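With the working numbering applied, the sequence shown corresponds to residues 379 to 651, in that order.
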Amino acid sequence: MPGSGTPREYPTALGASTAKTITLLGQDLAEDVMGQLGFGELAFWLATQRRPTPGEIRVFEAVLAALADHGFTPTAIVTRLTYLSAPDSVQGALAAGLLGGGSRFLGVTEDCGRFLNDVLREHPAPTDDAGWDALALDTVRARRAERKLIPGLGHHVHKDGDPRTPRLFQIAAEEGLYGPHLSLFAAIGRVHPQVLGRTLPLNGAGVCGAALADLGLPLELLRAFALLARTAGLIGQLAEELRSPVAGDIFLSVDLNNRSIPPEPYANGGLHG
379 MPGSGTPREY PTALGASTAK TITLLGQDLA EDVMGQLGFG ELAFWLATQR
429 RPTPGEIRVF EAVLAALADH GFTPTAIVTR LTYLSAPDSV QGALAAGLLG
479 GGSRFLGVTE DCGRFLNDVL REHPAPTDDA GWDALALDTV RARRAERKLI
529 PGLGHHVHKD GDPRTPRLFQ IAAEEGLYGP HLSLFAAIGR VHPQVLGRTL
579 PLNGAGVCGA ALADLGLPLE LLRAFALLAR TAGLIGQLAE ELRSPVAGDI
629 FLSVDLNNRS IPPEPYANGG LHG
């Protein structure tokens, strides 16, 4: 209690300092970390508090690369527009873009990982492709009956296949890290046309979620890793905005082309139910 005379302790395995040293994850920051570890390895280690294997680093960094930037997405546009509005606030521009990571962009990584994990917790892992296909077929049928979408299935641009997906499958297989989440996701890709009547691509955000889940990373943090990757992309967007600005044109294309229409109130004052 306050005033008891006994100082309270706050244990942490992360960063700690004395007058002469800084430790991080039990390592001397200056001697053992700086210049010795890549950022991807450090980020993995910070999240898991165990040092990743070379294979885990390769898969993890492939995920970060896959999610860093995907063009003029809403997250990139809002970052540029926020910087246009407040050039004195780089942190505000970055934060604006990151706050846009939700169920349609970036958040799919977490949604897919959680979805696959929920299925795997309820069913024993199959031992062959036929078993995975059967489990995937049951899963897709159940989602269809519930009128729910399957996270990670479909893409607004890559209608015929997301190029990131087969590459990440390949990297995980090469490193011996092609686990049950990736196996189930791949099987969903094979069997869903039987249920949906059309073929949709397995998107990059979804396969990243499956790969991160197979690495044993906390499901609660899967979106955080997507945001970590996108932070680098948004910095790139800001750097390009400094060199070749487009935010002003985006703003004016809307502002100068709006048209006034009569108000259209919501029914019942906007209340539903």
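The C-beta atom is built at its ideal place from N, Cα and C for all residues, glycine as well.
Because the structure is a prediction, the values reported are computed rather than measured.
Open item on the list: Judging by CA-CA distance, which residue of L616, P623, L546, A617 is the nearest neighbour of L593?
Closed with: Here residue 593 is taken as the residue at index 215 of the sequence shown, counted from 1. Here the closest residue by C-alpha is L546.
Task: Separation of A440 from E642, as counted between CA atoms - done: Here residue 642 corresponds to residue number 264 of the sequence shown, with the count starting at 1. Here residue 440 corresponds to residue number 62 of the sequence shown, with the count starting at 1. Straight-line measurement puts the Cα of A440 at about 48 Å from the Cα of E642.
Task: Burial state of R601 (16 or more Cβ within 10 Å) - done: Here residue 601 refers to the residue found at position 223 of the sequence shown. Here R601 is buried, its C-beta having at least 16 other C-beta atoms within 10 Å.
Open item on the list: For chain D, check one thing: does any of its Cβ atoms lie closer than 7 Å to the Cβ of A512?
Closed with: Of the protein chains in this structure there is only one, and it is not chain D.
Task: Endpoints, the alpha helix (DSSP H) within which L442 is located - done: The residue labelled residue 442 in the question sits at position 64 within the sequence shown. From DSSP, the alpha helix (DSSP H) with L442 extends over 432-445.
Task: Where D665 sits in the DSSP three-state scheme - done: Given a span of 379 to 651 for the chain in the structure shown, any question on residue 665 remains unanswerable.
- [ ] Would you list the one or two residues that DSSP bridges to Q394?
- [x] In the sequence shown, the residue the question calls residue 394 occupies position 16. First, the residue type needs correcting, since residue 394 is Ala and not Gln in the sequence shown. A394 has T401 as its beta-bridge partners, per DSSP.
Task: Delimiting residues of the alpha helix (DSSP H) encompassing Y644 - done: Looking up residue 644 in the sequence shown gives position 266. Note, Y644: premise wrong, no alpha helix (DSSP H); not H, not E.
Task: Continuous alpha helix (DSSP H) stretch holding P452: start and end - done: The sequence position of residue 452 within the sequence shown is 74, counting from 1. For P452, the enclosing alpha helix (DSSP H) has its first and last residue at 452-463.
Task: Under 7 Å between C-beta atoms of G539 and A444 - done: Walking along the sequence shown from the start, residue 539 turns up at place 161. Walking along the sequence shown from the start, residue 444 turns up at place 66. It is not a contact, given that the beta carbons lie outside the stated cut-off.
Task: Reference A588; option with closest CA among T543, Y388, R428, T577 - done: Locating residue 588 in the sequence shown gives position 210, where the first residue counts as 1. Comparing Cα-Cα distances from A588 to each of T543, Y388, R428, T577, the minimum goes to T543.
Open item on the list: Measuring only the C-alpha atoms, how far is T384 from F483?
Closed with: Locating residue 384 in the sequence shown gives position 6, counting from the first residue. Locating residue 483 in the sequence shown gives position 105, counting from the first residue. Each residue's alpha carbon lies about 48 Å from the other.
Task: DSSP state of L531 mapped onto helix, strand, coil - done: As a position in the sequence shown, residue 531 is number 153, starting the count at 1. Per DSSP, reduced to three states, the secondary structure at L531 is strand.
- [ ] Give, in chain order, every unbroken run of the alpha helix (DSSP H) that is at least 4 residues long and sits entirely within the segment 573-632.
- [x] Within the segment 573-632, the complete alpha helix (DSSP H) runs of at least 4 residues are 582-592, 600-621.
Open item on the list: Mapping the DSSP letters down to three states, classify G480 as helix, strand or coil.
Closed with: Indexing the sequence shown from 1 puts residue 480 at position 102. Looking at G480 - three-state DSSP - the assignment turns out to be strand.
Task: Local conformation of D506 per DSSP, three classes - done: For this step, residue 506 is matched to residue 128 along the sequence shown. The answer is coil: DSSP assigns D506 none of H, G, I, E or B.
Open item on the list: Less than 8 Å between C-beta atoms, sequence neighbours within five positions excluded: which residues of the same chain meet that for R521?
Closed with: Counting from 1 along the sequence shown, the entry for residue 521 is found at position 143. So the qualifying residues of the chain are L527, I528.
Open item on the list: Is it the case that the segment 625-641 contacts the segment 457-465, given that we only count it when at least three CB pairs across the two stretches are under 8 Å?
Closed with: Cβ pair count under 8 Å is three or more, so yes.
Task: Distance between H501 and H536 (C-alpha atoms, nearest Å) - done: Position 158 of the sequence shown, counted from the start, is the residue given in the question as residue 536. Position 123 of the sequence shown, counted from the start, is the residue given in the question as residue 501. A direct Cα-Cα distance of roughly 31 Å separates H536 from H501.
Task: G418 to I435 span [Cα, whole Å] - done: The count along the sequence shown starts at 1 and reaches residue 418 at position 40. The count along the sequence shown starts at 1 and reaches residue 435 at position 57. Put simply, the backbone Cα of G418 is about 7 Å away from that of I435.
Open item on the list: Can you give me the C-alpha to C-alpha distance between P571 and G532, rounded to a whole angstrom?
Closed with: In the sequence shown, counting from the first residue as 1, residue 571 sits at position 193. In the sequence shown, counting from the first residue as 1, residue 532 sits at position 154. Between P571 and G532, the C-alpha separation is close to 12 Å.
Open item on the list: What residue range does the alpha helix (DSSP H) around R499 cover?
Closed with: The sequence position of residue 499 within the sequence shown is 121, counting from 1. For R499, the enclosing alpha helix (DSSP H) stretches over residues 485-500.
Open item on the list: On the DSSP letters alone, give me the boundaries of the alpha helix (DSSP H) that E419 sits inside.
Closed with: Residue mapping note: residue 419 aligns to position 41 of the sequence shown, counting from 1. For E419, the enclosing alpha helix (DSSP H) begins and ends at 417-426.
Task: Top-ranked residue by Cα proximity to D506, from A610, G557, A421, V624 - done: Walking along the sequence shown from the start, residue 506 turns up at place 128. Checked all of A610, G557, A421, V624; the closest Cα to D506 is G557.
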